[in-house]
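Peer 1: Okay, handing you the structure first.
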Amino acid sequence: MATIHNLGFPRIGKKRELKCALERYWAGKITQSALIEHGKTIRAENWAMQAEAGIELIPVGDFAWYDHVLSISMLVGAIPSRHRDNETLSLDTHFRVGRGQAPTGSACAASEMTKWFNTNYHYIVPELTKDQVFQLSWFELFEQVKEAQQLGHTAKPVLLGPVTYLFLSKCIGEEFDKLALLERLLPVYRQVLSSLAELGVEWVQVDEPILALELSGDYRQALKISFNALANNGVKLLLASYFDSVFAYFEDIASYPVEGVHFDCISSKQDIHELDALLSDQQVLSLGVINGRNIWRSNLEEIVEQIEAVATKRREYLWLAPSCSLLHTPVDLEQEDRLDNELKTWLAFSKQKCTELTMLKNGLATGDRAAIVAYSAPVKARLNSNRVNDRAVQARVATLAASDGTRCATFSQRIKKQSKSLPLPLLPTTTIGSFPQTQTIRDARRDFKAGVMSAQDYHNKLALEIRNTIKEQEALGLDVLVHGEAERNDMVEYFGELLRGFAFTEFGWVQSYGSRCVKPPIIWGDVSRSKPMTLEWTQYAQSLTTKRVKGMLTGPVTILCWSFIRDDIDKPTLANQIALALRDEVVDLQNAGIQIIQIDEPAFREGMPLKASQWQTYLNWAAYAFRVSACGVNDETQIHTHMCYSDFNNIIEAIADMDADVITIETSRSNMALLDAFERFEYPNDIGPGVYDIHSPNVPEITWIKELIHKAAKKIPVQRLWVNPDCGLKTRDWKETREALANMVEAAKELRTEFK
Ligand code: GLN
Ligand code: ZN
C-alpha cells in the first residue's frame, strides 16, 4: 500500500503566530526562551495537523525562524563574519543575517534576499568566500527531530541539497567557481546524515530543486558527485525535485544511488508510467499529485485513475505527496468563515491537501471510490458553473486579435502628437503613483472596514488627503502629478475587490520573507469590470490642478502574478481577461479627460518560467496582455508603465515590445546598471530611470541625481528621458518625501539649462 508523506508545511502558524512571536521578540517584548517556546508550539501543531490528516512521514526541518536557506547556512556554519559575535552561532545570529539586527549584537547590513525559484517566497542569499570553511555549527535540526519523535511522529528530515545550496549562493570577494566548494561542503552533509541516523531516522529528504532548471554540465556532474557522497551514511535518501519537469535529467536521476525520488506531477505533465520505469522496483517513486502551490480542491477521481496501475504494481514503493512543499499555500480553509459555502467546496489549503492524500490512499487500498467521487463532485461542478463561466467575457477574449494589442500609430508619430497636446519641459519630473500612507489614512481605512466610520466620513478623509497631495506636488513644482493612491491598501487587492471573479480570504496568508506574509486574492471566475474603478478619484484630483494628473492602474500581469489563479484556464487567457477589464478603465479615464495613464507592471519579470527555453513564449503573451490593456486609446493619450524589484537587463527587448510611451523603472539601487542593456539594444521609447532609491530614508543629493541623469543621457537621447524616483512613496514619510523630491526637481531644472 502506498505511503503518504509531505515535503514541507507552512511555518507561519494558522493565524501567523510565528510572525507575531518574532516581531515581539525583535521589539524586546518577549524573551528568547519565550520565542523558542512559541516555535515549539507551532511545530507541534503543524505536525499534529499533518498526522491527524493521515500523513505518515512528517517533514521536520521545514520550520525556519527566518528562512530555510539561511537555516542551512547556520547548519554548515557559512555565516558572514559581520553577523557573528563569536565562534558559536545563536538564534540572534540567524536574525542578524536576515534583518541586519537582532536584540543582541551590533547592527550590520543584512544579507541579500531574492526570490525562491518562481515563487513569491524570498530566501536569504548565502555569502561564500573562495576559502570558505564549512563546519557543523547549528544543531536545531537534531533537536527538532527529537521533539517530533517524542511526540510520536515518524520524522523525515528535510534538507536543502548541497548543490542547490551552492547554486543559490553568491561569491564574496574575488569571483570563483562555487562548485569548487562542494568537496568541502559534502563532509558536513555526511556528518548531518550520520547524526540523523543515530537518532533513528530512516528517511531523509534531500531537495535539489535546481533540477527544474536548464543546468550546465558542471552542475549535473556536481549532483552526481553529491549523491554518491551522501549515499550510505546510515539513512535512506529521497531526492525531491519540484517546480518544473526534470525530464532532461531522467538518465542522471536514474543513476543516483538514492532509495527514492520525488517528482512534481503538477507543474508539468508527467507520464507516470515513464517515471515508474525510470526507477528500479526497490526504489521509492514519490508522486507529487496534489498541487502544493495553489488553493484548489483536487479532482481525486482523475488522480486515482492516473496512478491506479502504478500503485498496484509498486505497492509500498509508491509514495504520494503534494507536488512541492506546502510553504506556498495557506494553512487551513476551516478558518474561513466569510467565504461562501459553494466557493469553499472548490478550495483546499495545506491541511485539506494532506487529507486529500489520505483519501487517495484509502481509495486505492480499498477500491471503494464513493468518498472520492463525492469529494471530487464540486471540482467538476466548478468547471461548468455559471458563476465561474461568463460567456460574454469568454467571447470577448476569444475574438482578441493582434490589432487589439497595437496602438494606431507608431511611437514616433504618437510622441509628436502627445508633445503638442501635453506640453512638457525637457526632462519632465513625475512620481510613481503613491504618496506617504499616513497613519490618519490607515486608521480611517481600518475604522471604515470595521464599520465604525461611515462611508461619507471615509470619503471625506480620502478627498482631503488627495487635495493635500496635489497641493504638495504643485508646491514642489513636479510636472506630471498623481492623486497619491490614498484609497488603496494594496495595488492588487484594490482592483481585485472591484473586479468580478475575485475572492478574498481572512487568513489565507503565505510567507513572503522573514515574518512578512502576503494574502493573495483568489481568482475563481471569469474576470470583468462591473463599474469604473479609479475614475472618480482621478477626475477629482485632476479637477484640483491645471497640471496633468496621471491615472494609475495595476497591470494584468502583476494582478495575475500576485494572485492565486485558476487551474482551469491558461495564464494567457486569464491575463487577457484582466487586460480587457483594464482596457475599459483606460478608455474611461481618457474619455474623462485624463491624458496620461500609467499601468504598473512591477511583477512582469517575476512571472518568467524557470526554463530559459520558455521565456520568449511567456514574454510574448505577457507583453500582449499589457498592450491589450493599453491600446484602446488615441495617439494623444500617453501610456506609462512602471517596473521594479528585479533586474531587467536581459528582458529589455520584451519591455520595448510592451510599447508604453514612457516607462519609469528601478535603476538607482544598481547605480543605473540597467543602462548596460542599452549597449546592445537601443530602447526606443521614453524612459525614466529611477534617480533615487525610495527604500532608503536617505535624502538624495542634487549632485548625485544629476550625475545619474548624466550617465543615462550618454545612452539615451535626453529628449526621451524622464526624472522620477525608482518606486512608489507610500512607505516613506512626508518630510523625507518633500526633501527628496525637492532635490529631484531642482536637479532636473539645473540640467534643463545645461542641456538647452
Ligand atoms: N503605483 C504604485 C505605487 O506607487 C506602484 C507600486 C510598485 O511598483 N510596487 O505605489
Ligand atoms: Zn515600483
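In the numbering used here, the protein residues as written are 26 to 781. Backbone N, C-alpha and C define an ideal beta-carbon position, used for all residues, glycine too.
1. Distance, Cα to Cα, leucine 11 vs valine 150?
2. Got a sec, what are the start and stop residues for the beta strand (DSSP E) phenylalanine 288 sits in?
3. For the ligand ZN, list every residue whose C-beta falls under 5 Å from any of its heavy atoms, going in chain order.
4. Which whole-angstrom value describes the C-beta separation of isoleucine 29 and lysine 261, a residue pair presumed to lie in contact below a C-beta threshold of 8 Å?
5. Which class does tyrosine 565 belong to by DSSP, given the choice of helix, strand or coil?
6. Can the beta-carbon of glycine 713 be found closer than 8 Å to that of tryptophan 759?
7. Restricting to Cα atoms, I'd like to know which of Gly102, Pro84, Glu626 and Glu172 is closest to glutamine 160.
8. If you measure from the beta carbon of glutamate 70 to each beta carbon in chain B, is any gap under 8 Å?
9. The ligand GLN and serine 459: does any heavy atom of the ligand fall closer than 7 Å to the residue's C-beta?
10. By the 10 Å Cβ neighbour count, where 16 or more other Cβ atoms means buried, how is phenylalanine 164 classified, buried or exposed?
11. For cysteine 379, which option in Ala399, Cys349 and Asp393 has the closest C-alpha, if you only look at C-alpha atoms?
12. If the criterion is Cβ atoms closer than 8 Å, does the pair glycine 521 and valine 582 meet it?
13. Using the beta-carbon count (16 or more within 10 Å), is valine 505 buried or exposed?
14. When you measure from the CB of aspartate 625 to every non-hydrogen atom of the ligand GLN, does any distance come out below 7 Å?
15. Per DSSP, what kind of secondary structure is serine 459 in: helix, strand or coil?
16. By how many angstroms is the C-alpha of isoleucine 619 removed from the C-alpha of glutamine 564?
17. Taking a contact to mean a Cβ-Cβ separation below 8 Å, would you say leucine 264 touches arginine 215 in this structure?
18. Would you call the CB atoms of valine 183 and proline 84 closer than 8 Å?
19. Report the rounded CA-to-CA distance for leucine 153 versus arginine 49, giving the unit in angstroms.
20. Tell me whether lysine 755 counts as near the ligand GLN, meaning its Cβ is closer than 7 Å to at least one heavy atom of that ligand.
21. Excluding five sequence neighbours on each side, which residues of the same chain lie with their C-beta closer than 7 Å to the C-beta of threonine 179?
22. Can you give the Cα-Cα distance for tyrosine 708 and leucine 312, rounded to whole angstroms?
23. Tell me which residue opens and which closes the beta strand (DSSP E) that threonine 139 is part of.
24. Go ahead and pull the three-state DSSP assignment for glutamate 152.
25. For the beta strand (DSSP E) that contains glycine 713, what are its first and last residues?
26. Can you name the start and end residues of the alpha helix (DSSP H) that tryptophan 344 belongs to?
27. Near glycine 53, which residues of its chain fall below 8 Å by C-beta distance, leaving aside the five closest residues on each side in sequence?
28. The beta strand (DSSP E) that contains glutamine 620, what's its start and end?
29. For alanine 528, which of helix, strand or coil comes out of DSSP?
30. What separation, rounded to the nearest whole angstrom, lies between the Cα atoms of tryptophan 344 and glycine 317?
31. Since alanine 27 and leucine 389 are thought to touch, with beta carbons under 8 Å apart, how far apart are those beta carbons, to the nearest angstrom?
32. Do you know how far the Cα of alanine 772 is from the Cα of glutamate 764?
33. For alanine 804, count neighbouring Cβ atoms within 10 angstroms of its own Cβ and tell me buried if that reaches 16, exposed if not.
34. Can you tell me which of Asp595, Phe673, Leu358 and Thr354 puts its alpha carbon nearest to the alpha carbon of threonine 4?
35. Identify every residue that forms a DSSP beta bridge with threonine 728.
36. Check whether the Cβ of histidine 484 sits closer than 7 Å to any heavy atom of the ligand GLN, and report yes or no.
Peer 2: Taking the geometry as given:
1. Residue numbering for the chain in the displayed model covers 26 to 781; residue 11 lies beyond these limits and cannot be assessed.
2. For this step, residue 288 is matched to residue 263 along the sequence shown. Boundaries of the beta strand (DSSP E) harbouring phenylalanine 288: 285-289, taken from the DSSP string.
3. Result (chain order): Pro627, Cys669 and Cys752.
4. By one-based count along the sequence shown, residue 29 stands at place 4. By one-based count along the sequence shown, residue 261 stands at place 236. The Cβ separation is near 17 Å, so there is no contact.
5. In the sequence shown, the residue the question calls residue 565 occupies position 540. In the structure shown, the three-state DSSP call for tyrosine 565 is helix.
6. Position 688 of the sequence shown holds residue 713. Position 734 of the sequence shown holds residue 759. With contacts defined as CB atoms closer than 8 Å, glycine 713 and tryptophan 759 fail to qualify as a contacting pair.
7. For the purposes of this step, residue 160 is taken as residue 135 along the sequence shown, with counting starting at 1. Checked all of Gly102, Pro84, Glu626 and Glu172; the closest Cα to glutamine 160 is Gly102.
8. Any reference to chain B falls outside this structure, which holds one protein chain only.
9. Stepping through the sequence shown from its first residue, residue 459 is reached at position 434. For the ligand GLN, at least one heavy atom lies less than 7 Å from the Cβ of serine 459.
10. As a first step, residue 164 is located in the sequence shown; it is residue number 139 there, counting from the start. With a 10 Å radius around the Cβ and a threshold of 16 neighbouring Cβ atoms, phenylalanine 164 comes out exposed.
11. Here residue 379 refers to the residue found at position 354 when the sequence shown is read from its first residue. The shortest C-alpha separation from cysteine 379 is found at Cys349.
12. Within the sequence shown, numbered from 1, the residue matching residue 521 stands at position 496. Within the sequence shown, numbered from 1, the residue matching residue 582 stands at position 557. The answer is no: Cβ separation not under 8 Å.
13. Position 480 of the sequence shown, counting from 1, holds the residue named residue 505. When all chains shown are included, valine 505 counts as buried.
14. Looking up residue 625 in the sequence shown gives position 600. Of the heavy atoms belonging to the ligand GLN, at least one sits nearer than 7 Å to the Cβ of aspartate 625.
15. Taking the sequence shown and counting its residues from 1, the one referred to as residue 459 is at position 434. In the structure shown, serine 459 sits in a strand (DSSP, three-state: E or B).
16. Position 539 of the sequence shown, counted from the first residue, corresponds to residue 564. Position 594 of the sequence shown, counted from the first residue, corresponds to residue 619. Going by C-alpha positions, glutamine 564 is about 7 Å away from isoleucine 619.
17. Numbered from 1 along the sequence shown, position 239 holds the residue referred to as residue 264. Numbered from 1 along the sequence shown, position 190 holds the residue referred to as residue 215. No, the Cβ-Cβ distance between leucine 264 and arginine 215 is not below 8 Å.
18. For the purposes of this step, residue 183 is taken as the residue at position 158 of the sequence shown. For the purposes of this step, residue 84 is taken as the residue at position 59 of the sequence shown. Yes. Within cutoff.
19. Within the sequence shown, residue 153 is the residue found at index 128, counting from 1. Within the sequence shown, residue 49 is the residue found at index 24, counting from 1. Using only the alpha carbons, I get a separation of about 31 Å.
20. On the sequence shown, position 730 is the one that residue 755 refers to. Checking the Cβ of lysine 755 against the ligand GLN gives yes.
21. Indexing the sequence shown from 1 puts residue 179 at position 154. These residues qualify, in order along the chain: Glu81, Leu82 and Ile83.
22. Translated into the one-based positions of the sequence shown, residue 708 becomes position 683. Translated into the one-based positions of the sequence shown, residue 312 becomes position 287. One C-alpha to the other measures close to 46 Å.
23. Residue mapping note: residue 139 aligns to position 114 of the sequence shown, counting from 1. Counting along the chain, the beta strand (DSSP E) containing threonine 139 begins and ends at 138-140.
24. Looking up residue 152 in the sequence shown gives position 127. Assignment of glutamate 152 by DSSP, reduced to helix, strand and coil, places it in the strand class.
25. Taking the first residue of the sequence shown as position 1, residue 713 is located at position 688. Where glycine 713 is concerned, the enclosing beta strand (DSSP E) stretches over 711-714.
26. Here residue 344 refers to the residue found at position 319 of the sequence shown. Element bounds for tryptophan 344: not the alpha helix (DSSP H) but the beta strand (DSSP E), 343-347.
27. By one-based count along the sequence shown, residue 53 stands at place 28. Around glycine 53: Pro128.
28. Counting from 1 along the sequence shown, the entry for residue 620 is found at position 595. Unbroken run through glutamine 620: none, as it is neither H nor E.
29. In the sequence shown, counting from the first residue as 1, residue 528 sits at position 503. Alanine 528: strand per DSSP, three-state reduction.
30. For the purposes of this step, residue 344 is identified with residue 319 of the sequence shown, where counting begins at 1. For the purposes of this step, residue 317 is identified with residue 292 of the sequence shown, where counting begins at 1. Each residue's alpha carbon lies about 16 Å from the other.
31. Position 2 of the sequence shown, counted from the first residue, corresponds to residue 27. Position 364 of the sequence shown, counted from the first residue, corresponds to residue 389. That belief holds up - the Cβ atoms of alanine 27 and leucine 389 are roughly 6 Å apart, short of 8 Å.
32. Stepping through the sequence shown from its first residue, residue 764 is reached at position 739. Stepping through the sequence shown from its first residue, residue 772 is reached at position 747. Whole-angstrom Cα-Cα distance: 12 Å.
33. Only positions 26 to 781 of the chain appear in the structure, and residue 804 is not among them; the question remains open.
34. The structure shown does not extend to residue 4, since the chain spans only 26 to 781, so no value can be given for it.
35. For this step, residue 728 is matched to residue 703 along the sequence shown. Threonine 728 pairs with nothing; no bridge assigned.
36. Here residue 484 refers to the residue found at position 459 when the sequence shown is read from its first residue. Histidine 484: no, Cβ never under 7 Å from the ligand GLN.
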